[in-house]
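Following: one structure in C-alpha cells, then a few remarks.
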Ligand SMILES: Cc1ncc(COP(=O)(O)O)c(C=O)c1O
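Numbering (this note's numbering), first residue to last: 2 to 409.
So, in C-alpha cells, the structure goes:
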C-alpha cells in the first residue's frame, strides 16, 4: 500500500490554506468612496497614504509610486547614480533589485549571502567594493531584516548610500525600529503577493528631506514640490500611484499589524514543530530582529535528514501532500538579461576589470541555496489556525518516514 501521495497514497491535507488577498467591507467602502467622489487624480488619498505608511514604517518622509521596481529606480536616481557607477546587490533576490540599477545606467555587482539568513553577507560586500561603488542595496529577504548594523557600518566607512529593498518587509523591524529609513532610503512593493497590497504599487521611505524632495520630483515628471504644474527642474518619469490604489492601501494598512502578529505566531510555532524534525532548519534567529515580517517562511532543507532525497523531489512530494511550496529564486547573475544589457555597455567596471561580464560571477552560497536547500512557503499560509502549522510539520515527517519509497 503506498503511503505518500506522490506514489498514489492519500494526501495528508486536502483543505486549502487561507487565500490572499483578504477583502473586507472597509476595502469595498474605500474603493467606492474614491469612485463616487469623482476625484480620481491628485486628490487626498495618495497624500494620506504617504503620511500613514511613512509613519507606520518609522520614516519621516514617504513617496508613493506605481510599483516596487520604479521605487528602486527613483531611489537610485535620487542619490544621483551616474552611468558607470557600481551598486552592490545580493545575488539572492527578485530581479528588480539588480535590474533597477541597470535601468538607470549603473552596474549591478552581485555579492553573496549568509548561509543562515539568505541576506547580504557583509564580508562579500566588502570584497566587492571598488572606487566606483556608490551604493549597497540590502534586501530584507522573506521579510527578515538584513544585518543593518554591519551593512550600515560599511556604507558609512566608505561614504556609500545604503538602500533597503523592503519589498518583502512591511512591518519588519530591526532593533525596535521598522525598516525603510534605517538606511538613507527604503523601497517597498504593494504587488499582489505582498503582505500589504493593492495589486500593484510601490513606496519610497527616507528621513532625508533632500532625498525625499528629489524622489518626489523624479516620480512626478520632474516637477518641484512647491513649483508650478508646467515647471520641471528635473527630468523625471510619471511613476505616480493612483487614488484608487491609495484608498485601498489605506484600508488594507489597518489589518497589517494584526496580520503580522498572526504570521509571527504561526511562524514561531512552525519553527518549534520543525525543530523536532531532522533536516528542516529555519533561517537563523537574531535578537536584533524585533519583527520578522514573514513574507515567506523559508525552510533550509538538508537532504541528509531524508536519506539523501533531493530537495526538488521533496518539494514535489510535499506539494502532493497538500502543502503548497516552491524552490524560489535562481542565482540572479545567471539571467540572460544582464549579459544582454551589458554587451555594448560603454563604460569599464573596476569590479570586472573591464566590461561587465556576468559569466565571471559565482556566489557559492547562493548557488548551493538555490540548487539544493531553499524551500518557500508563502505568507498567506501563516494566516490560518495553528492546526495548519501542525499539518505542514506532519506532512514533512510523513515524507521523512517514507523517504525510502522515493529513492528510485
Ligand atoms: C525583493 C524585491 N524587490 C523588488 C520587487 C519589485 O516590486 P514590484 O513587483 O512591485 O515592481 C519585488 C517584488 O516582487 C521584490 O520581491
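Each residue gets a CB set at the ideal place from its N, CA and C atoms; glycine is no exception.
Predicted model only: the values in this text are computed from it and were never measured.
Taken through DSSP and simplified to helix, strand or coil, residue 66 comes out as strand.
In this structure the region 313-331 touches the region 396-407; the number of beta carbon pairs closer than 8 Å is three or more.
Close CB contacts of residue 283 within its chain, under the 6 Å cut and outside five residues either way in sequence, are with 272 (chain order).
Distances from the alpha-carbon of residue 243 to those of 210, 202, 266, 261 put 202 closest. A direct Cα-Cα distance of roughly 10 Å separates residue 178 from residue 57. For residue 95, the Cβ falls inside the 7 Å cut-off from some heavy atom of ligand 1.
Burial is judged here by how many other beta carbons sit within 10 angstroms of a residue's own beta carbon; residue 326 has at least 16 and is buried. Residue 298 counts as buried, since at least 16 other C-beta atoms from the protein chains shown sit within 10 angstroms of its C-beta. Residue 183 places its beta carbon 8 Å or farther from that of residue 135. Collapsing the DSSP output to three states places residue 162 in a strand. DSSP places residue 365 in the helix class (H, G or I) of the three-state scheme. A straight-line Cα-Cα distance of about 49 Å links residue 226 and residue 373.
Around the beta carbon of residue 145, 16 or more other beta carbons lie within 10 angstroms, which makes this residue buried. Each residue's CA atom was taken as its position, placing residue 250 and residue 18 some 23 Å apart.
Taking C-beta atoms as the reference points, residue 147 and residue 121 count as a pair closer than 8 Å. If you draw a straight line from the Cα of residue 335 to the Cα of residue 218, it is about 34 Å long. With three or more CB-CB distances shorter than 8 Å, the region 99-118 counts as touching the region 337-345. Non-local beta-carbon contacts of residue 310 in its own chain, meaning distances under 7 Å to residues more than five positions away in sequence, involve 304, 404, 407 in chain order. Under DSSP, residue 90 shares a beta bridge with 111.
With distances taken between CA atoms, residue 236 lies nearest to 215 out of 260, 254, 215.
In its chain, beyond the 5 residues on either side, 92, 364, 367, 368, 371 have a beta carbon closer than 7 Å to the beta carbon of residue 332. For the alpha helix (DSSP H) assignment, the uninterrupted runs of no fewer than 4 residues enclosed by the region 274-360 are, from N- to C-terminal side, 312-321, 337-343.
Residue 190 sits in a strand when the DSSP states are folded into three classes. Residue 29 sits exposed, since fewer than 16 C-beta atoms from the chains shown fall within 10 Å of its C-beta. Counting only the Cα atoms, residue 66 lies some 6 Å from residue 72. Counting along the chain, residue 397 sits inside the alpha helix (DSSP H) bounded by residues 387-402. Taking each of 209, 285, 75, 23 in turn and checking the Cα distance to residue 194, the smallest one comes out for 23. Relative to residue 123, the option among 277, 262, 139 whose CA is nearest is 139.
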